[in-house]
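What follows is a single structure, written as structure tokens, with notes after it.
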Amino acid sequence: MPPINRIADYAEDLTAWRRHLHMHPELQFECHETAAFVVERLKKFGIEEIHEGIATSGVVAVIEGQGDGPTIGLRADMDALPMDEKTGLEYASNTPGKMHACGHDGHTVMLLGAARYLAETRNFKGRVALIFQPAEEGGGGGEVMVQEGIMERFDISSVYALHNTPGAREGVIYTTPGPIMAAADTFHVHIKGEGGHGAYPSETRDPVVACLAICNAFQTIVSRNRHGLEDLVVSVTQIHTGTIDNIIPETAYINGTIRTFDEALQKRVVSRMQEICAGIGQAYGVMAEFVFEKGYPPTINHAQETAFASKVAKEVVGDAMAIDDAPPEMGAEDFAYMLQARPGCYLFLGQGEGPGLHHPEYDFNDEIAPIGASFFARLVETAQPL
38 MPPINRIADY
48 AEDLTAWRRH
58 LHMHPELQFE
68 CHETAAFVVE
78 RLKKFGIEEI
88 HEGIATSGVV
98 AVIEGQGDGP
108 TIGLRADMDA
118 LPMDEKTGLE
128 YASNTPGKMH
138 ACGHDGHTVM
148 LLGAARYLAE
158 TRNFKGRVAL
168 IFQPAEEGGG
178 GGEVMVQEGI
188 MERFDISSVY
198 ALHNTPGARE
208 GVIYTTPGPI
218 MAAADTFHVH
228 IKGEGGHGAY
238 PSETRDPVVA
248 CLAICNAFQT
258 IVSRNRHGLE
268 DLVVSVTQIH
278 TGTIDNIIPE
288 TAYINGTIRT
298 FDEALQKRVV
308 SRMQEICAGI
318 GQAYGVMAEF
328 VFEKGYPPTI
338 NHAQETAFAS
348 KVAKEVVGDA
358 MAIDDAPPEM
368 GAEDFAYMLQ
378 ARPGCYLFLG
388 QGEGPGLHHP
398 EYDFNDEIAP
408 IGASFFARLV
418 ETAQPL
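Below you can see the structure in the form of structure tokens.
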């Protein structure tokens, strides 16, 4: 079955809405203009129950179906990234340092398209809770919305989300039961030695050589401290130290990310990193303080809801374009918190070739918006049929 004809009729509107949002990106929890745009559209669709100001700028709108039934939650993220856009498009970001480089503008519009159709037809029992979430990009807006009680407040029984994927075939929908995205944790190492003249290193306690030794040792964790079948990434992403060629600095700083699916492995990695810092610090005569910062947990799909979502995907895009056993990815998602609170499924929607997510030349493919909106709508009608 192709996208729903009525939603396909909205295609021009969906594109116009998406490009408007693309021009006006907002960061973290401060998605107030985006939320206002969403609320204005929802009201025009005839949706009366709209709740604003959740997690600062989040919105939850409820559509009543025909007859009693459960409440299904559909989530879209709204925030952009703190980066400059280099697409050269006529609808490029008009705010320097802010860009929709992850397609959240498209996610918002796909949910708006589904909302418009569901509000028109109401061909389902129970209710739909439309969740427009701020601060997915590092702020944990999903966790805040859960902490503020949206699941209980709106009696949500299950929850679903969809993310675009550059490089995947346009229109393909894929997911998998169990872990689909990794936990994303951050580490910091603060090294303090004794600086001095670069010509007299024997009179110093050089933090630079300790820094290099620590970074090299961290790279052995994946190859020597995990089982060969365990999924793990340890990446050093920042090193800061020094000012000029003839001064040995007093301090150095290391920063990076740890990606895991398993909590036991996560703890083992952290313990090993602490041991490395302590041992190398002692060996080089410096202080090496290791700081672990826990981030998003792994995104874990529920088996029953994933099987159901995959069935719906096949009805929307066809058997050949719906994959239900995709390999997990090492990226992270704060939809994980919603899946901890309620059963549900996170899926990906291919948008064809082009620059990847978080790239300054990325742009959401407007051709897939009716597909995503149709998937959300069919999910509701199939889960809660009249």
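Each residue of the sequence shown is one higher than the one before, counting from 38 in our numbering.
The beta-carbon is built from N, C-alpha and C at its ideal position, and this holds for glycine as well.
Model, not experiment: these values are computed from the prediction.
Please state whether the Cβ-Cβ distance between residue i and residue j is less than 8 Å.
{"i": "residue 347", "j": "residue 41", "result": "no"}
{"i": "residue 183", "j": "residue 112", "result": "no"}
{"i": "residue 179", "j": "residue 173", "result": "yes"}
{"i": "residue 388", "j": "residue 127", "result": "no"}
{"i": "residue 98", "j": "residue 109", "result": "no"}
{"i": "residue 285", "j": "residue 235", "result": "yes"}
{"i": "residue 292", "j": "residue 212", "result": "no"}
{"i": "residue 406", "j": "residue 154", "result": "no"}
{"i": "residue 401", "j": "residue 140", "result": "yes"}
{"i": "residue 371", "j": "residue 55", "result": "no"}
{"i": "residue 251", "j": "residue 324", "result": "no"}
{"i": "residue 287", "j": "residue 342", "result": "no"}
{"i": "residue 70", "j": "residue 57", "result": "no"}
{"i": "residue 278", "j": "residue 245", "result": "yes"}
{"i": "residue 270", "j": "residue 255", "result": "no"}
{"i": "residue 67", "j": "residue 204", "result": "no"}
{"i": "residue 72", "j": "residue 169", "result": "yes"}
{"i": "residue 340", "j": "residue 214", "result": "yes"}
{"i": "residue 314", "j": "residue 276", "result": "no"}
{"i": "residue 80", "j": "residue 87", "result": "yes"}
{"i": "residue 417", "j": "residue 74", "result": "no"}
Start and end of the alpha helix (DSSP H) containing residue i?
{"i": "residue 52", "result": "48 to 60"}
{"i": "residue 255", "result": "244 to 261"}
{"i": "residue 170", "result": "Taken as a continuous stretch (DSSP letters only), residue 170 belongs to no alpha helix (DSSP H), being part of the beta strand (DSSP E) at 164 to 170."}
{"i": "residue 418", "result": "406 to 420"}
{"i": "residue 104", "result": "Element bounds for residue 104: n/a, residue is neither H nor E."}
{"i": "residue 190", "result": "187 to 190"}
{"i": "residue 184", "result": "178 to 184"}
When you compare only the Cα positions, how much space is there between residue i and residue j?
{"i": "residue 78", "j": "residue 420", "result": "25 Å"}
{"i": "residue 121", "j": "residue 136", "result": "6 Å"}
{"i": "residue 298", "j": "residue 240", "result": "45 Å"}
{"i": "residue 257", "j": "residue 263", "result": "10 Å"}
{"i": "residue 409", "j": "residue 386", "result": "7 Å"}
{"i": "residue 395", "j": "residue 253", "result": "27 Å"}
{"i": "residue 361", "j": "residue 311", "result": "39 Å"}
{"i": "residue 176", "j": "residue 237", "result": "46 Å"}
{"i": "residue 365", "j": "residue 296", "result": "12 Å"}
{"i": "residue 472", "j": "residue 143", "result": "One cannot answer for residue 472 here, as it falls past the ends of the chain, which runs 38 to 423."}
{"i": "residue 152", "j": "residue 102", "result": "12 Å"}
{"i": "residue 89", "j": "residue 123", "result": "33 Å"}
{"i": "residue 49", "j": "residue 398", "result": "23 Å"}
{"i": "residue 283", "j": "residue 233", "result": "9 Å"}
{"i": "residue 358", "j": "residue 368", "result": "23 Å"}
{"i": "residue 198", "j": "residue 383", "result": "5 Å"}
{"i": "residue 149", "j": "residue 225", "result": "40 Å"}
{"i": "residue 171", "j": "residue 145", "result": "11 Å"}
{"i": "residue 375", "j": "residue 281", "result": "48 Å"}
{"i": "residue 47", "j": "residue 261", "result": "54 Å"}
{"i": "residue 51", "j": "residue 265", "result": "46 Å"}
{"i": "residue 355", "j": "residue 318", "result": "58 Å"}
{"i": "residue 308", "j": "residue 138", "result": "35 Å"}
{"i": "residue 94", "j": "residue 187", "result": "14 Å"}
{"i": "residue 192", "j": "residue 107", "result": "8 Å"}
{"i": "residue 194", "j": "residue 300", "result": "26 Å"}
Could you have a look at residue i and say whether DSSP puts it in helix, strand or coil?
{"i": "residue 424", "result": "Residue 424 lies beyond the range of the chain shown here (38 to 423); nothing can be said about it."}
{"i": "residue 292", "result": "strand"}
{"i": "residue 280", "result": "coil"}
{"i": "residue 332", "result": "strand"}
{"i": "residue 476", "result": "Any question about residue 476 goes unanswered here, given that the chain covers just 38 to 423."}
{"i": "residue 220", "result": "strand"}
{"i": "residue 369", "result": "coil"}
{"i": "residue 394", "result": "coil"}
{"i": "residue 84", "result": "coil"}
{"i": "residue 323", "result": "coil"}
{"i": "residue 71", "result": "helix"}
{"i": "residue 361", "result": "coil"}
{"i": "residue 377", "result": "helix"}
{"i": "residue 229", "result": "strand"}
{"i": "residue 268", "result": "coil"}
For the beta strand (DSSP E) containing residue i, list its first residue and its last residue.
{"i": "residue 209", "result": "Here residue 209 belongs to no beta strand (DSSP E), and DSSP marks it neither H nor E."}
{"i": "residue 352", "result": "Element bounds for residue 352: not the beta strand (DSSP E) but the alpha helix (DSSP H), 340 to 354."}
{"i": "residue 101", "result": "95 to 101"}
{"i": "residue 381", "result": "381 to 387"}
{"i": "residue 199", "result": "193 to 202"}
| field | Three-pair Cβ contact test at 8 Å for the region 115 to 129 versus the region 372 to 379 | value | The region 372 to 379 and the region 115 to 129 do not touch, with fewer than three beta-carbon pairs separated by less than 8 Å.
| Counting pairs of Cβ atoms below 8 Å between the region 341 to 355 and the region 161 to 169, do you hit three or more? | Between the region 341 to 355 and the region 161 to 169 there are fewer than three C-beta pairs closer than 8 Å, too few to call the two in contact.
| Can we say the region 321 to 334 touches the region 213 to 224, given the rule of at least three CB pairs closer than 8 Å? | These segments touch.
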